[in-house]
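Here the sequence shown is numbered in the working numbering, starting from -11 and rising by one per residue. Where a beta carbon is used, it is the ideal one built from N, C-alpha and C, also for glycine. Read through the structure below, which is laid out as structure tokens, and then see the notes.
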Amino acid sequence: MLFKADLGKRVDNLVGAVDSRDDKRFFAALRGIVGATPKARPDEVDAALARLTSVLAEIPLGMGGELAPIAGSMADYGTDAAVVVVPTLVGRATNAMEQAARFAELYGAVFGDLPDADDAEQIGPTIERFVETAPSRGMAQSDAYNLVQAWFSGGKWVQPVLYLSQRKDVRAVLPERPRLTAAIGAMREHIGTAHWLYGLLLVLDDEPLVVLHRATRRGYRVTISGVGDNFQLHTLLAAALIGDESQGLVPGQRPSAAEIAAASDGEDLTPAGGIRGNFNLVDAHGEWIWNEGRPADIPKLEGKRVVVIDPPPYPRSWNAGRPYPLMRPTVTVNGMLPADEAAHWFGLVKPSQRG
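Written as structure tokens, this is what we have:
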């Protein structure tokens, strides 16, 4: 059935092109979908995405690698479009990464160094080397070709999952998360989008922290969501906690407006002069919390991740405020710990293990 809206007609054209394996018509339909989506009503986008989801579920990986990112971007124009399309995108991306890992295993065992997954010019030579010789290794050429498709197009399937997972509502409904994380993790050294999605899959949402300021013996209940790394956590904790000591805050120089914006929702992720370090963050065992790590790396004590704030041992600065431009973080101070509760935590935590 043809949709009345122009977007629906473009989707019908694409479905026909996929059925007939007509590349020229397929790419023309893709361009039409990109142009029509911003002009469509949200319910029309939802209907179009529902139709495209059935296509995404069956389309070959190579051809589908062109459609998947467009379907992901369409979700911004719908209502519950992310929920509609996310399970299929996650399933196909997971499968593509699993097949790509199988390709890497088989190809590497026979031919050595792997082809660059981002270099389209290597597709032809790889097909000639890996697919055409597959029968001599007891493998069907069709199976070998599918693995090559996964290797060269898998990153395009990961891209919309990476894009959409910067939204908290999407992270909350990601299906088969352990399998997805394992598949992405196996390929993060080979495929750029897999590297970034792997880090995103480790992001904590609605995670409680106990934050202790050693010099003042004050403690705070803090909740974080959408913080991509400890550089970002460092800046946002400083923004939330440095201020008037008479109001229960901690001493120090609060990050500038540009630094806070770079770490939260500003367009400029790399403000002039970089971003200045304010603290030294230490875990409950006295080990430094390295900025290069993630909040998920911070160990728990009595069921809570504990962050101890010490003075900076030396000047620090870095360039970028956050690793995921579209992810909106929150660092919420829910209140100060009562003095006896703060004393309890200070009695448990260890001194910094480094000078």
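List the endpoints of the continuous beta strand (DSSP E) containing Glu195. In the DSSP assignment, Glu195 falls within the unbroken beta strand (DSSP E) covering Glu195 to His201.
Does the beta-carbon of Asn307 have 16 or more other beta-carbons within 10 angstroms, so that it is buried, or is it exposed? Counting the other Cβ atoms within 10 Å of the Cβ of Asn307 gives fewer than 16, which makes it exposed.
Can you tell me whether Val161 is buried or exposed? The criterion is at least 16 other CB atoms within 10 Å of its CB, across all chains shown. By the neighbour-count rule (16 or more Cβ atoms within 10 Å), Val161 is not buried but exposed.
Mapping DSSP to helix, strand and coil, what is Asp34? Asp34 falls in the helix class under three-state DSSP.
Buried versus exposed call for Lys(-8) [16 or more other C-beta atoms within 10 Å across all chains shown]: Note that Lys(-8) scores a pLDDT of 46, beneath 50, so its modelled location is shaky; the value from the coordinates is reported in the next line. Under this definition Lys(-8) is an exposed residue.
I need the DSSP call for Ile115, collapsed to helix, strand or coil. It is helical.
Local Cβ density within 10 Å of Arg87, reported as buried at 16 or more and exposed below that: What sits at residue 87 in the sequence shown is Gln, not Arg. Residue burial annotation: Gln87 is buried, with at least 16 other C-beta atoms found within 10 angstroms of its C-beta.
Just the Cα atoms here: how many angstroms apart are Gly261 and Val321? Approximately 28 Å, taken between the alpha carbons.
Selected residue, minimal CA-CA separation from Asn134, among Lys292, Val33 and Met51: The shortest C-alpha separation from Asn134 is found at Met51.
Separation of Ala81 from Leu2, as counted between CA atoms: Their backbone Cα atoms lie some 21 Å apart in a straight line.
8 Å CB neighbourhood of Glu177 in its chain, flanking five on each side removed: Answer for Glu177: His183, listed in chain order.
Check whether the stretch 115 to 133 and the stretch 14 to 27 are in contact - that is, three or more C-beta pairs closer than 8 Å. Too few Cβ pairs lie closer than 8 Å, so no.
Output the distance between the C-alpha atoms of Gly(-4) and Ala35, rounded to the nearest integer angstrom. Near 8 Å, if we compare the C-alpha coordinates of Ala35 and Gly(-4).
Please report the straight-line C-alpha distance between Leu188 and Ser153, rounded to a whole angstrom. Answer to the nearest angstrom: the Cα atoms are 7 Å apart.
State the Cα-Cα distance for the pair Gly323 and Asp64, rounded to the nearest angstrom. Distance between Gly323 and Asp64, taken at the CA atoms: about 35 Å.
Rounded to whole angstroms, what's the CA-CA distance from Asp0 to Pro311? Just pull it up for me. A straight-line Cα-Cα distance of about 38 Å links Asp0 and Pro311.
When you compare only the Cα positions, how much space is there between Leu44 and Asp7? Going from the Cα of Leu44 to the Cα of Asp7 covers about 12 Å.
Go to Gly207, then tell me how far its beta strand (DSSP E) extends in each direction, as first and last residue. Run containing Gly207: Arg206 to Ser213, per the beta strand (DSSP E) assignment.
Straight-line Cα distance separating Ala272 from Pro196: For Pro196 and Ala272, the distance between alpha carbons rounds to 15 Å.
Taking the alpha-carbon of Ala250 as reference, which of Pro313, Val198 and Met175 has the nearest alpha-carbon? The alpha carbon of Ala250 has as its nearest neighbour, out of Pro313, Val198 and Met175, the alpha carbon of Pro313.
Three-state secondary structure assigned by DSSP to Ile230: In this structure, DSSP gives Ile230 an extended state, which the three-state scheme calls strand.
Determine the extent of the alpha helix (DSSP H) in which Thr25 is found, giving its start and end residues. Here Thr25 belongs to no alpha helix (DSSP H), and DSSP marks it neither H nor E.
For Arg159, which of helix, strand or coil comes out of DSSP? In this structure, Arg159 counts as helix in the three-state DSSP scheme.
Which of the three DSSP states is assigned to Phe334 in this structure? Collapsing the DSSP output to three states places Phe334 in a helix.
Roughly how many angstroms lie between the CA atoms of Arg206 and Glu164, to the nearest whole one? The C-alpha of Arg206 lies about 40 Å from the C-alpha of Glu164.
Quick one: using the 10 Å Cβ neighbour count with 16 as the cut-off for buried, is Lys144 buried or exposed? Buried, by the Cβ-count rule.
Would you call the CB atoms of Leu225 and Val238 closer than 7 Å? For Leu225 and Val238, no; Cβs fall outside 7 Å.
Can you tell me the Cα-Cα spacing of Ser340 and Ala327, whole angstroms? Straight across, the Cα-Cα distance linking Ser340 with Ala327 is about 22 Å.
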